[in-house]
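S.K.: For the sequence shown, our numbering gives the first residue as 81, with consecutive numbering after it.
Note that the Cβ used here is the ideal one computed from N, Cα and C, for glycine as well.
My questions all concern the structure below.
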Amino acid sequence: MAKEPSRLCVDEVHRVLLDIVNASANATPGLGRYPPFKREVVAIASNALDSFKSDAKKMVVALVDMERAFVPAQHFIRLVQRRMERQRREDEMKNRPSKKGQESEQSVTNRASSPQTKSEQAGGSSKPTKEKPSPDKDTKEGPNLQVAGPAGEITAGYLLKKSAKTNGWSRRWFVLNEKSGKLGYTKKQEERHFRGVITLEECNLEEVDEEEPSKSLKDSKKANGPEKGPSLVFKITNRVAYKTVLKAHSAVVLKAESTADKVEWVNKIKAVIQSKGGSFKAANTEGGPLKQSQTDSSTDAMIRRPADPEEELRWMSQEVRGYVEAVLNSLAANVPKAIVLCQVEKAKEDMLNQLYSSISGQSNAKIEELLQEDHNAKRRRE
81 MAKEPSRLCV DEVHRVLLDI VNASANATPG LGRYPPFKRE VVAIASNALD
131 SFKSDAKKMV VALVDMERAF VPAQHFIRLV QRRMERQRRE DEMKNRPSKK
181 GQESEQSVTN RASSPQTKSE QAGGSSKPTK EKPSPDKDTK EGPNLQVAGP
231 AGEITAGYLL KKSAKTNGWS RRWFVLNEKS GKLGYTKKQE ERHFRGVITL
281 EECNLEEVDE EEPSKSLKDS KKANGPEKGP SLVFKITNRV AYKTVLKAHS
331 AVVLKAESTA DKVEWVNKIK AVIQSKGGSF KAANTEGGPL KQSQTDSSTD
381 AMIRRPADPE EELRWMSQEV RGYVEAVLNS LAANVPKAIV LCQVEKAKED
431 MLNQLYSSIS GQSNAKIEEL LQEDHNAKRR RE
(Lines of atoms letter the chains of each structure in order from A; the text may use other names.)
(Lines give C-alpha, C1' and ligand atoms only; values in the text may rest on other atoms or scores of the structure.)
Protein backbone atom coordinates (compact mmCIF):
# COMPACT_ATOMS: atom_id res chain seq x y z
CA MET A 81 0.00 0.00 0.00
CA ALA A 82 2.83 2.42 0.77
CA LYS A 83 5.29 1.28 -1.90
CA GLU A 84 3.68 3.07 -4.83
CA PRO A 85 3.41 6.46 -3.05
CA SER A 86 7.06 6.10 -2.01
CA ARG A 87 8.08 5.43 -5.62
CA LEU A 88 6.07 8.46 -6.76
CA CYS A 89 7.96 10.59 -4.23
CA VAL A 90 11.25 9.38 -5.73
CA ASP A 91 10.03 10.22 -9.24
CA GLU A 92 8.94 13.70 -8.14
CA VAL A 93 12.33 14.44 -6.56
CA HIS A 94 13.99 13.10 -9.73
CA ARG A 95 12.03 15.54 -11.90
CA VAL A 96 13.00 18.42 -9.63
CA LEU A 97 16.69 17.47 -9.88
CA LEU A 98 16.47 17.25 -13.68
CA ASP A 99 14.97 20.72 -13.77
CA ILE A 100 17.83 21.97 -11.60
CA VAL A 101 20.40 20.43 -13.98
CA ASN A 102 18.81 22.06 -17.04
CA ALA A 103 18.47 25.41 -15.29
CA SER A 104 22.10 25.27 -14.13
CA ALA A 105 23.32 24.41 -17.65
CA ASN A 106 21.38 27.33 -19.13
CA ALA A 107 22.59 29.73 -16.46
CA THR A 108 26.29 28.78 -16.66
CA PRO A 109 28.19 31.59 -18.45
CA GLY A 110 29.99 30.49 -21.65
CA LEU A 111 28.46 27.02 -21.76
CA GLY A 112 25.93 28.13 -24.39
CA ARG A 113 28.79 28.84 -26.84
CA TYR A 114 29.41 25.09 -27.11
CA PRO A 115 26.06 23.33 -27.70
CA PRO A 116 27.54 19.81 -28.12
CA PHE A 117 29.42 20.14 -24.83
CA LYS A 118 26.33 21.47 -23.09
CA ARG A 119 24.21 18.56 -24.36
CA GLU A 120 26.89 16.10 -23.23
CA VAL A 121 27.08 17.58 -19.74
CA VAL A 122 23.29 17.49 -19.35
CA ALA A 123 23.19 13.88 -20.62
CA ILE A 124 25.91 12.78 -18.16
CA ALA A 125 24.13 14.46 -15.25
CA SER A 126 20.77 12.97 -16.28
CA ASN A 127 22.25 9.45 -16.45
CA ALA A 128 23.76 9.92 -12.99
CA LEU A 129 20.39 11.08 -11.63
CA ASP A 130 18.72 8.03 -13.19
CA SER A 131 21.17 5.80 -11.32
CA PHE A 132 20.49 7.65 -8.07
CA LYS A 133 16.73 7.29 -8.67
CA SER A 134 17.06 3.53 -9.09
CA ASP A 135 19.00 3.24 -5.81
CA ALA A 136 16.45 5.42 -4.01
CA LYS A 137 13.54 3.25 -5.17
CA LYS A 138 15.26 0.13 -3.91
CA MET A 139 15.90 1.85 -0.59
CA VAL A 140 12.31 3.05 -0.02
CA VAL A 141 10.84 -0.34 -1.00
CA ALA A 142 13.15 -2.06 1.49
CA LEU A 143 12.17 0.54 4.10
CA VAL A 144 8.46 -0.15 3.56
CA ASP A 145 9.05 -3.90 3.91
CA MET A 146 11.06 -3.33 7.09
CA GLU A 147 8.42 -1.12 8.71
CA ARG A 148 5.64 -3.50 7.72
CA ALA A 149 7.48 -6.49 9.17
CA PHE A 150 8.23 -4.92 12.55
CA VAL A 151 6.39 -2.42 14.72
CA PRO A 152 7.88 -1.41 18.10
CA ALA A 153 6.38 -3.18 21.08
CA GLN A 154 5.50 0.17 22.65
CA HIS A 155 2.72 0.55 20.09
CA PHE A 156 0.98 -2.60 21.31
CA ILE A 157 1.47 -1.68 24.97
CA ARG A 158 -0.14 1.70 24.37
CA LEU A 159 -2.89 -0.01 22.37
CA VAL A 160 -3.77 -2.31 25.28
CA GLN A 161 -3.70 0.58 27.72
CA ARG A 162 -6.00 2.66 25.52
CA ARG A 163 -8.42 -0.24 25.12
CA MET A 164 -8.56 -0.87 28.86
CA GLU A 165 -9.03 2.82 29.60
CA ARG A 166 -11.78 3.11 26.98
CA GLN A 167 -13.56 0.04 28.32
CA ARG A 168 -13.28 1.35 31.88
CA ARG A 169 -14.93 4.61 30.83
CA GLU A 170 -17.67 2.73 28.98
CA ASP A 171 -18.36 0.56 32.03
CA GLU A 172 -18.54 3.65 34.22
CA MET A 173 -21.01 5.29 31.84
CA LYS A 174 -23.16 2.16 31.79
CA ASN A 175 -23.14 1.74 35.58
CA ARG A 176 -23.70 5.41 36.41
CA PRO A 177 -27.50 5.48 35.81
CA SER A 178 -28.07 2.27 37.75
CA LYS A 179 -25.93 3.51 40.64
CA LYS A 180 -27.86 6.77 40.79
CA GLY A 181 -31.15 4.86 40.84
CA GLN A 182 -29.92 2.60 43.61
CA GLU A 183 -28.68 5.54 45.68
CA SER A 184 -31.97 7.43 45.34
CA GLU A 185 -33.94 4.31 46.19
CA GLN A 186 -31.71 3.66 49.21
CA SER A 187 -32.11 7.25 50.44
CA VAL A 188 -35.89 6.98 50.18
CA THR A 189 -35.79 3.68 52.07
CA ASN A 190 -33.60 5.17 54.81
CA ARG A 191 -35.92 8.14 55.27
CA ALA A 192 -38.95 5.87 55.44
CA SER A 193 -37.38 3.44 57.90
CA SER A 194 -35.99 6.09 60.27
CA PRO A 195 -38.57 8.95 60.60
CA GLN A 196 -37.54 12.02 62.58
CA THR A 197 -39.67 13.58 65.29
CA LYS A 198 -40.65 17.21 65.17
CA SER A 199 -38.24 18.09 67.96
CA GLU A 200 -35.40 16.49 66.04
CA GLN A 201 -36.38 18.36 62.91
CA ALA A 202 -36.53 21.65 64.88
CA GLY A 203 -32.96 21.43 66.12
CA GLY A 204 -32.33 18.17 67.87
CA SER A 205 -29.31 16.19 66.88
CA SER A 206 -29.37 12.51 66.24
CA LYS A 207 -26.52 10.30 65.08
CA PRO A 208 -27.16 8.62 61.75
CA THR A 209 -27.41 4.89 61.91
CA LYS A 210 -24.59 3.17 60.15
CA GLU A 211 -25.34 0.18 58.06
CA LYS A 212 -23.60 -2.87 59.42
CA PRO A 213 -21.35 -4.50 56.88
CA SER A 214 -22.62 -7.79 55.63
CA PRO A 215 -20.30 -10.72 56.22
CA ASP A 216 -20.88 -12.05 52.73
CA LYS A 217 -20.39 -8.74 50.95
CA ASP A 218 -17.45 -9.98 48.94
CA THR A 219 -19.30 -12.97 47.66
CA LYS A 220 -22.24 -10.91 46.49
CA GLU A 221 -20.22 -8.22 44.76
CA GLY A 222 -18.49 -8.96 41.48
CA PRO A 223 -14.74 -8.68 40.93
CA ASN A 224 -13.24 -5.20 40.55
CA LEU A 225 -11.17 -6.19 37.53
CA GLN A 226 -10.92 -4.71 34.06
CA VAL A 227 -11.29 -6.97 31.03
CA ALA A 228 -10.19 -5.99 27.53
CA GLY A 229 -9.48 -7.55 24.17
CA PRO A 230 -11.75 -8.92 21.45
CA ALA A 231 -12.24 -12.18 23.36
CA GLY A 232 -11.64 -10.71 26.82
CA GLU A 233 -8.19 -12.28 27.02
CA ILE A 234 -6.64 -9.34 28.90
CA THR A 235 -7.43 -8.87 32.60
CA ALA A 236 -6.06 -6.09 34.79
CA GLY A 237 -6.48 -5.06 38.40
CA TYR A 238 -4.73 -4.45 41.69
CA LEU A 239 -3.08 -7.19 43.76
CA LEU A 240 -0.96 -7.06 46.88
CA LYS A 241 2.54 -8.39 46.24
CA LYS A 242 4.57 -9.68 49.15
CA SER A 243 8.09 -8.35 49.43
CA ALA A 244 10.78 -10.93 50.08
CA LYS A 245 12.99 -8.36 51.84
CA THR A 246 10.58 -6.56 54.14
CA ASN A 247 7.95 -9.33 54.37
CA GLY A 248 5.34 -6.61 53.77
CA TRP A 249 2.66 -6.11 51.14
CA SER A 250 2.84 -3.64 48.25
CA ARG A 251 -0.15 -2.74 46.07
CA ARG A 252 0.69 -3.27 42.40
CA TRP A 253 -1.20 -3.09 39.10
CA PHE A 254 -1.20 -6.52 37.38
CA VAL A 255 -2.05 -7.28 33.75
CA LEU A 256 -2.76 -10.87 32.65
CA ASN A 257 -2.68 -11.79 28.96
CA GLU A 258 -4.26 -15.21 28.64
CA LYS A 259 -3.30 -15.47 24.97
CA SER A 260 0.44 -15.01 25.52
CA GLY A 261 0.44 -16.57 29.00
CA LYS A 262 2.19 -13.57 30.60
CA LEU A 263 1.45 -11.87 33.92
CA GLY A 264 3.13 -8.48 34.26
CA TYR A 265 2.90 -5.76 36.86
CA THR A 266 3.63 -2.07 37.32
CA LYS A 267 3.81 0.12 40.38
CA LYS A 268 1.04 2.39 39.09
CA GLN A 269 -1.69 1.91 36.54
CA GLU A 270 -0.38 4.80 34.43
CA GLU A 271 3.07 3.25 33.89
CA ARG A 272 3.80 1.97 30.40
CA HIS A 273 6.66 -0.41 31.14
CA PHE A 274 6.28 -3.57 33.22
CA ARG A 275 8.54 -3.82 36.24
CA GLY A 276 8.39 -7.60 35.99
CA VAL A 277 6.77 -10.29 33.84
CA ILE A 278 5.93 -13.87 34.89
CA THR A 279 5.82 -16.58 32.21
CA LEU A 280 2.93 -18.71 33.42
CA GLU A 281 3.60 -21.65 31.11
CA GLU A 282 6.62 -22.48 33.29
CA CYS A 283 4.77 -22.15 36.62
CA ASN A 284 2.47 -23.85 39.10
CA LEU A 285 -0.27 -22.19 41.13
CA GLU A 286 -1.02 -22.82 44.79
CA GLU A 287 -3.54 -21.38 47.22
CA VAL A 288 -2.01 -20.69 50.62
CA ASP A 289 -3.45 -19.75 54.00
CA GLU A 290 -3.22 -16.33 55.52
CA GLU A 291 -0.25 -15.65 57.78
CA GLU A 292 -0.64 -16.21 61.48
CA PRO A 293 -2.04 -13.02 63.05
CA SER A 294 -0.45 -11.29 66.01
CA LYS A 295 -1.52 -12.02 69.61
CA SER A 296 -3.58 -8.83 70.00
CA LEU A 297 -5.33 -9.55 66.72
CA LYS A 298 -6.04 -13.09 67.88
CA ASP A 299 -7.59 -11.81 71.10
CA SER A 300 -9.83 -9.38 69.23
CA LYS A 301 -10.92 -12.14 66.85
CA LYS A 302 -11.75 -14.39 69.80
CA ALA A 303 -13.92 -11.65 71.26
CA ASN A 304 -15.80 -11.15 68.00
CA GLY A 305 -16.09 -14.77 67.03
CA PRO A 306 -13.99 -17.80 66.20
CA GLU A 307 -14.76 -17.86 62.47
CA LYS A 308 -11.98 -17.14 60.06
CA GLY A 309 -12.64 -15.68 56.60
CA PRO A 310 -11.41 -17.33 53.41
CA SER A 311 -7.79 -16.81 52.50
CA LEU A 312 -7.07 -14.22 49.81
CA VAL A 313 -3.47 -15.33 49.25
CA PHE A 314 -2.11 -17.47 46.42
CA LYS A 315 1.40 -18.28 45.28
CA ILE A 316 3.05 -18.81 41.89
CA THR A 317 6.10 -21.08 41.76
CA ASN A 318 8.27 -22.52 39.01
CA ARG A 319 7.82 -26.15 37.99
CA VAL A 320 11.57 -26.65 38.29
CA ALA A 321 12.65 -26.19 41.90
CA TYR A 322 15.93 -24.38 41.22
CA LYS A 323 14.53 -21.94 38.64
CA THR A 324 13.16 -18.48 39.40
CA VAL A 325 9.72 -17.11 38.65
CA LEU A 326 10.37 -13.36 38.70
CA LYS A 327 13.80 -11.76 38.74
CA ALA A 328 15.70 -13.60 41.52
CA HIS A 329 12.62 -14.90 43.34
CA SER A 330 11.72 -18.58 43.33
CA ALA A 331 8.11 -17.81 44.28
CA VAL A 332 5.74 -14.86 44.07
CA VAL A 333 3.09 -14.48 46.80
CA LEU A 334 0.05 -12.40 45.87
CA LYS A 335 -3.02 -11.34 47.77
CA ALA A 336 -6.34 -10.21 46.35
CA GLU A 337 -8.34 -7.33 47.77
CA SER A 338 -11.58 -9.31 47.95
CA THR A 339 -12.86 -12.85 47.63
CA ALA A 340 -14.43 -12.12 44.26
CA ASP A 341 -11.15 -10.71 42.95
CA LYS A 342 -9.26 -13.73 44.22
CA VAL A 343 -11.67 -16.17 42.60
CA GLU A 344 -11.39 -14.36 39.28
CA TRP A 345 -7.58 -14.08 39.38
CA VAL A 346 -7.03 -17.68 40.51
CA ASN A 347 -9.32 -19.19 37.90
CA LYS A 348 -7.87 -17.14 35.05
CA ILE A 349 -4.27 -17.91 36.03
CA LYS A 350 -5.16 -21.55 36.71
CA ALA A 351 -6.67 -21.87 33.22
CA VAL A 352 -3.48 -20.58 31.62
CA ILE A 353 -1.18 -22.73 33.74
CA GLN A 354 -3.17 -25.93 33.34
CA SER A 355 -3.43 -25.42 29.57
CA LYS A 356 0.39 -25.47 29.49
CA GLY A 357 0.65 -28.60 31.66
CA GLY A 358 1.10 -26.91 35.01
CA SER A 359 -0.56 -27.92 38.28
CA PHE A 360 -2.92 -26.20 40.71
CA LYS A 361 -3.05 -26.91 44.44
CA ALA A 362 -6.03 -25.66 46.42
CA ALA A 363 -5.76 -24.42 49.98
CA ASN A 364 -5.56 -27.22 52.55
CA THR A 365 -8.44 -26.21 54.83
CA GLU A 366 -11.26 -28.02 56.49
CA GLY A 367 -14.10 -28.75 54.14
CA GLY A 368 -11.75 -28.53 51.17
CA PRO A 369 -13.94 -30.32 48.60
CA LEU A 370 -17.00 -28.32 49.62
CA LYS A 371 -15.04 -25.10 49.46
CA GLN A 372 -13.68 -26.02 46.05
CA SER A 373 -17.16 -26.73 44.73
CA GLN A 374 -18.38 -23.41 46.08
CA THR A 375 -15.49 -21.71 44.36
CA ASP A 376 -16.31 -23.43 41.09
CA SER A 377 -19.97 -22.44 41.33
CA SER A 378 -19.06 -18.82 42.07
CA THR A 379 -16.68 -18.92 39.12
CA ASP A 380 -19.44 -20.16 36.84
CA ALA A 381 -21.61 -17.29 37.98
CA MET A 382 -18.92 -14.77 37.07
CA ILE A 383 -18.05 -16.09 33.61
CA ARG A 384 -17.75 -13.28 31.09
CA ARG A 385 -20.69 -12.59 28.90
CA PRO A 386 -20.22 -13.86 25.33
CA ALA A 387 -18.46 -11.42 23.06
CA ASP A 388 -20.69 -9.40 20.77
CA PRO A 389 -19.61 -10.09 17.15
CA GLU A 390 -20.09 -6.46 16.16
CA GLU A 391 -18.13 -5.29 19.20
CA GLU A 392 -15.37 -7.76 18.43
CA LEU A 393 -15.18 -6.56 14.83
CA ARG A 394 -15.03 -2.98 16.06
CA TRP A 395 -12.09 -3.80 18.35
CA MET A 396 -10.32 -5.62 15.53
CA SER A 397 -10.85 -2.74 13.10
CA GLN A 398 -9.45 -0.30 15.66
CA GLU A 399 -6.39 -2.49 16.22
CA VAL A 400 -5.76 -2.82 12.49
CA ARG A 401 -6.25 0.91 12.00
CA GLY A 402 -3.84 1.65 14.82
CA TYR A 403 -1.27 -0.77 13.36
CA VAL A 404 -1.55 0.79 9.89
CA GLU A 405 -1.32 4.30 11.31
CA ALA A 406 1.82 3.38 13.25
CA VAL A 407 3.45 2.00 10.09
CA LEU A 408 2.43 4.98 7.96
CA ASN A 409 3.60 7.49 10.56
CA SER A 410 6.99 5.82 10.71
CA LEU A 411 7.21 5.74 6.90
CA ALA A 412 6.17 9.38 6.64
CA ALA A 413 9.10 10.25 8.90
CA ASN A 414 11.73 7.97 7.31
CA VAL A 415 10.97 7.84 3.57
CA PRO A 416 11.89 11.51 2.99
CA LYS A 417 15.18 10.91 4.81
CA ALA A 418 15.98 7.96 2.54
CA ILE A 419 15.11 9.98 -0.59
CA VAL A 420 17.28 12.92 0.44
CA LEU A 421 20.18 10.58 1.26
CA CYS A 422 19.99 8.53 -1.95
CA GLN A 423 19.23 11.35 -4.41
CA VAL A 424 19.99 14.85 -3.14
CA GLU A 425 23.07 14.10 -1.01
CA LYS A 426 24.35 11.63 -3.59
CA ALA A 427 24.04 14.25 -6.32
CA LYS A 428 25.89 16.83 -4.23
CA GLU A 429 28.76 14.43 -3.47
CA ASP A 430 29.15 12.36 -6.67
CA MET A 431 27.84 14.51 -9.53
CA LEU A 432 31.07 16.44 -10.07
CA ASN A 433 33.14 13.24 -10.06
CA GLN A 434 30.76 11.73 -12.61
CA LEU A 435 31.23 14.73 -14.93
CA TYR A 436 35.03 14.71 -14.63
CA SER A 437 35.39 10.95 -15.17
CA SER A 438 32.95 10.86 -18.11
CA ILE A 439 34.47 13.83 -19.96
CA SER A 440 38.07 12.79 -19.33
CA GLY A 441 37.27 9.31 -20.60
CA GLN A 442 36.36 10.63 -24.06
CA SER A 443 38.80 10.42 -26.97
CA ASN A 444 40.56 13.53 -28.32
CA ALA A 445 38.45 13.53 -31.46
CA LYS A 446 35.27 13.36 -29.37
CA ILE A 447 36.46 16.20 -27.15
CA GLU A 448 37.26 18.35 -30.22
CA GLU A 449 33.79 17.61 -31.52
CA LEU A 450 32.24 18.62 -28.20
CA LEU A 451 34.16 21.90 -28.22
CA GLN A 452 32.77 23.02 -31.57
CA GLU A 453 31.73 26.65 -31.11
CA ASP A 454 28.25 27.77 -32.08
CA HIS A 455 28.25 29.44 -35.55
CA ASN A 456 26.28 32.48 -34.37
CA ALA A 457 28.55 32.96 -31.37
CA LYS A 458 31.64 32.56 -33.64
CA ARG A 459 30.30 35.10 -36.14
CA ARG A 460 29.63 37.63 -33.37
CA ARG A 461 33.11 37.07 -31.92
CA GLU A 462 34.78 37.59 -35.29
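Indicate whether Ser-86 and Val-415 have their beta-carbon atoms separated by less than 8 Å.
M.R.: It is a contact, given that the beta carbons lie within the stated cut-off.
S.K.: Kindly confirm or deny that the region 145-158 and the region 399-407 touch, where touching means at least three C-beta pairs closer than 8 Å.
M.R.: Result yes; three or more Cβ-Cβ pairs closer than 8 Å.
S.K.: Tell me whether the beta-carbon of Arg-275 lies closer than 8 Å to the beta-carbon of Tyr-265.
M.R.: Yes.
S.K.: My output table needs one value for Tyr-403: the three-state DSSP class, helix, strand or coil.
M.R.: The answer is helix: DSSP assigns Tyr-403 an H, G or I state.
S.K.: What does a CB cutoff of less than 7 Å around Glu-453 pick up in its chain, not counting 5 residues either side in sequence?
M.R.: These residues qualify, in order along the chain: Arg-113 and Tyr-114.
S.K.: Sort Glu-258, Lys-417, Leu-435 and Ala-331 by Cα distance to Asn-347 and report the nearest one.
M.R.: If we check each option's Cα against that of Asn-347, Glu-258 comes out closest.
S.K.: Report the residue from Cys-89, Leu-411, Gln-167 and Val-151 whose alpha carbon sits nearest the alpha carbon of Ala-236.
M.R.: Among Cys-89, Leu-411, Gln-167 and Val-151, the Cα nearest to that of Ala-236 is on Gln-167.
S.K.: Excluding the 5 residues preceding and the 5 following Pro-116 in the sequence, name in chain order all residues of the same chain whose CB lies nearer than 8 Å to its CB.
M.R.: Same-chain partners within the cutoff: Glu-449, Leu-450, Leu-451 and Gln-452.
S.K.: What are the boundary residues of the beta strand (DSSP E) that Arg-252 is part of?
M.R.: 249-257 is the span of the beta strand (DSSP E), which, as asked, contains Arg-252.
S.K.: Do Leu-239 and Leu-334 count as a contact pair if the criterion is CB distance below 8 Å?
M.R.: Yes, they are a contact pair.
S.K.: When DSSP builds the beta bridges, which residues end up paired with Phe-156?
M.R.: Looking at the DSSP assignment, Phe-156 forms no beta bridge with any residue, so it has no partner.
S.K.: Beta-carbon separation of Lys-423 and Ala-136 under 8 Å?
M.R.: Just to set this straight, residue 423 is Gln in the shown sequence, not Lys. Yes. Within cutoff.
S.K.: Look at Glu-281 and Gly-261 and say whether their C-beta atoms are less than 8 Å apart.
M.R.: Yes, the pair counts as a contact, with Cβ atoms nearer than the cut-off.
S.K.: Using 8 Å as the cut-off, can you tell me whether the region 428-445 makes contact with the region 139-153, which would need three or more C-beta pairs spanning the two stretches below that distance?
M.R.: Short answer: they don't touch.
S.K.: In three-state terms, what does DSSP make of Ala-331?
M.R.: Residue state, collapsed to three classes: strand.
S.K.: In chain order, what residues of the same chain have a beta carbon less than 7 Å from the beta carbon of Gln-354, not counting five sequence neighbours either side?
M.R.: The answer, listed in chain order, is Phe-360.
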